[in-house]
Amino acid sequence: MTFSWRRAAAVARKEWFHIRRDPFTLALALVLPLVMILVYGYAIDFNIKDVRLAVSDSDRSQASRRLIDTFASSDYFRVHPVASADDAVRDVAAERARTALIIPPRFEKDLLAGREGRAQVLIDGADNATVGPVSQYVGAIQTLACRRIAGADLTPSYQLRTRFLFNPELNSRWYVIPGLTVVIMAILSIFLTALTVAREWENGSMELLLSTPVQPIEIIAGKAAPYAALAMLAMAFVYIIARTVFGVPFAGHLWVFGLGCLLFLVAYLAQGLLISVVARQQTIAMQFSMLTGMLPSNLLSGFVFPIANMPAPLRVIASIFPGRYYVELLRGVLLKGVSIDILWPQFVAMAVFATLMIVLSTLRFGRRLP
Amino acid sequence: MSAPAVETRDLVVRYGDFTAVDHISFSVAPGEVFGFLGANGAGKTTTIRVLCGLLRPSAGFVRVAGRGYEDGERAIKAKVGYMSQKFTLYNDLTVAENLDFIAGLRKLDPGYYARRRRELLELISFQKGLDARVQDLSGGTKQQVSLAAALLHDPEIVFLDEPTAGVTPAGRERFWRLIRLVAGQGKTVFVTTHYMDEAEQCGRIGLMRDGRLVALDSPAGLKKSVFPEPVFEFDPLRSLSSSELSAYAAHEAFAFFESYGPRFHAAAAGPEAWARWAPELGKTFRIRPIAPSLEDVFVRVVEGRR
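Same order as they appear, the protein sequences are chains A and B.
Here my numbering is used: the first residue of the first sequence is 1, the next is one more, and so on.
Here my numbering is used: the first residue of the second sequence is 371, the next is one more, and so on.
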């Protein structure tokens, strides 16, 4: 009852013929990831520029103009003067502006008198995506404006200098692309294998297969192998697009990246196989794949929502799926240039998941016929 | 006499509360063409699955080609060939790829495989190229290639589960010629079918009903044992209403009365009743004595009509 490479290879070869002759599978595997990474890569941009800023300046002094200039000369805001504070609020409400700056009449007088000058910034809180970055910009500009208005008089006693490591310009694509890769490749891998075993149950070929001495583990391994090759090819395309089109850096070792990708893909291909073995029907397998492939890789991989901020039960669930480890691995390899000495827990976690999926599908395969 | 190719004693298969195969016992001699008949759901396919090593029985004794489940399913699988009713070959693969696949799964020696493949393709007089896709073959050719695939490892017994379903009459005839050839080579052929003309060609037939083996004999023997009474063909002289028909079906002169195309087959209930009613019936029907067909046997035993 030992594992036979020859039988597994026979299954793999047969599966490869199926793939080669099925344009739909090939297109799904090779074209879909490219299209998705291009569309999403361009669409999702967390860098916010040219935010419309409605400015009501009731002071019209040198100090107020300096404050406005500081906003205007940053790349982030486009100044749009309005007549009154009410107009500024109205603009924000009507979404003609995301942000408003309201400078009261006594702004400069208060400053010259040594009191605190007061101006107000209003940010559209209804649009959550812009609040964070905009308020950061406002903070930075405020410091700058303070210095410019006060001239040489004010020398701060200390300066906090912030530098961003690994992504000095905070280019959001560098952050988005690895996350996207996880979502796309997870869904793709699950779909590739989810139908293969179910299809054989449906058309009756499984019975023929089982009438030979082939063992479940040989079928599972044989089915996973060609799809792993296909998914790795798709991954190589995604990698090339990420590097050339989106200029994502690659600071680490290629072999760490390759090994990590392989582990991740095998984990999800094996999950697809398990779904296929359990479902035995293509339509059910499809729905299961959507549910277990899409949701965790989207929501629980740390790509969209930080895992550290999740409630404890969700954090536990997120730790099961390989998605989060792969996001960490990609960010580590691409941006930080760290190697396996730091990333080994991610490798181990993905390997455990992949092994578990393969063992479960082999056990569940059973020999029971319907 | 050599050991039987297939032997079962009190074989039982249960799925939960449902008993699919209920204490069946029979044996099949080497080289025999053994037919299995029964309505859908009578337990034929389940029995075949057990005999192919695909389904461990709930109880009972099974021995196939000298192997039993105590030797492991794979010991049985190595000795038998199987062709299922639902699936024959992968349509998107070529003939060669399909056969290569089976050879790989069965770990056949490459030299042996090449020889055996040539031999079998000759046997089925396969004309198309090995590179032909299965989807481009006719239904009959598909079944023949599928039979070749089941025989690739030279099994002692080959199980054919409705091998001619959906094949043209000419194709069915060719397939049965192959079955006789295979049996002539000393292999045991175990076949299920819904076609009575095919059943006629079997050495012996087992009839299954509700999981039980209700009759087992040669076609001629079955006809004799199922119809001990004289059997007649009734050709109506005028058209009959349905109420008349149901009256005849329950008539005391008949032990059996079934429509057979535009005519009827009937078995006499007993000499006295028959003598009393024959003149009367002669006014409505042209009556002639016939030998019962296998279909009559099937209808009487499997469908349980009187």
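Ideal placement from N, C-alpha and C gives every residue a C-beta, glycine not left out.
Keep in mind it's a predicted model, so treat the numbers as computed, not measured.
- If you draw a straight line from the Cα of V382 (chain B) to the Cα of L295 (chain A), it comes to about 46 Å.
- If you check the CB distance, V55 (chain A) and P81 (chain A) come in under 8 Å.
- In chain order, T534 and R542 place their CB closer than 8 Å to the CB of Y565 (chain B), counting only its own chain and leaving out the 5 sequence neighbours on each side.
- E467 (chain B) belongs to the set of residues whose beta carbon lies under 8 Å from a beta carbon in chain A.
- At a cut-off of 8 Å between beta carbons, V214 (chain A) contacts chain B.
- Listed in chain order, the non-local C-beta contacts of Y325 (chain A) below 7 Å within the same chain comprise Q346, A349 and M350, local neighbours out to five positions each way being set aside.
- Within chain B, no residue has its CB atom less than 7 Å from the CB of L165 (chain A), the nearest being about 52 Å off.
- Taking a cut-off of 8 Å on C-beta distances, the stretch 570 to 580 of chain B touches the stretch 392 to 408 of chain B, as three or more cross pairs fall below it.
- Proximity of the stretch 64 to 77 of chain A to the stretch 33 to 40 of chain A falls short of the contact definition, fewer than three beta-carbon pairs being nearer than 8 Å.
- Listed in chain order, the non-local C-beta contacts of P641 (chain B) below 8 Å within the same chain number zero, local neighbours out to five positions each way being set aside.
- Among the CB atoms of chain A, one or more fall inside 8 Å of the CB of G474 (chain B).
- It is roughly 15 Å from the alpha-carbon of Y175 (chain A) to the alpha-carbon of P133 (chain A).
- When DSSP states are grouped into helix, strand and coil, H253 (chain A) belongs to the coil group.
- Where F404 (chain B) is concerned, the enclosing beta strand (DSSP E) starts and stops at V403 to G408.
- Flagged as an interface residue toward chain B: S211 (chain A), by a C-beta distance shorter than 8 Å.
- Contact note: C422 (chain B) reaches chain A through S211, using a C-beta cutoff of 7 Å and chain order.
- Here the C-alpha atom of G652 (chain B) lies approximately 26 Å from the C-alpha atom of L664 (chain B).
- DSSP places Y630 (chain B) in the strand class (E or B) of the three-state scheme.
- With a minimum length of 3 residues, the unbroken runs of beta strand (DSSP E) contained wholly in the stretch 24 to 89 of chain A fall at 51 to 57 and 77 to 81.
- Taking CB atoms only, S428 (chain B) has no neighbour in chain A less than 8 Å away.
- For secondary structure counted as the alpha helix (DSSP H) over 4 or more consecutive residues, the stretch 592 to 627 of chain B holds these complete runs in sequence order: 612 to 619.
- In the three-state DSSP reduction, Q455 (chain B) falls in the coil class, being neither helix nor strand.
- Looking at the DSSP output, F560 (chain B) shares a beta bridge with B:F404 and B:F529.
- By the neighbour-count criterion, in which a residue is buried when 16 or more other Cβ atoms sit within 10 angstroms of its Cβ, R658 (chain B) is exposed.
- Scanning the stretch 79 to 149 of chain A for uninterrupted beta strand (DSSP E) segments of 3 residues or longer gives 99 to 103 and 120 to 123, listed from N- to C-terminal end.
- Within the same chain, V182, V183, A186 and G323 come within 6 Å of S297 (chain A) by CB-CB distance, once the 5 residues on both sides are set aside.
- For F388 (chain B), the enclosing beta strand (DSSP E) stretches over residues F388 to V398.
- Within 7 Å of the CB of A10 (chain A), the CB atoms of chain B belong to F471, G474 and L475, in sequence order along the chain.
- In this structure, DSSP gives T378 (chain B) an extended state, which the three-state scheme calls strand.
- With a 10 Å radius around the Cβ and a threshold of 16 neighbouring Cβ atoms, T417 (chain B) comes out buried.
- By the CB criterion at 8 Å, L522 (chain B) and R476 (chain B) fall inside the cutoff.
- Annotated as proximal: Y460 (chain B) and S205 (chain A), with beta-carbon spacing under 8 Å.
- Taking a Cβ-Cβ threshold of 7 Å, the residues of chain A close to R444 (chain B) are P213, in chain order.
- The way I'd put it, the stretch 185 to 204 of chain A does touch the stretch 280 to 292 of chain A; three or more beta-carbon pairs between them come closer than 8 Å.
- Annotated three-state conformation of R199 (chain A) is helix, per DSSP.
- Taking 8 Å as the upper bound for CB-CB distance, E202 (chain A) and Q281 (chain A) are in contact here, some 7 Å apart.
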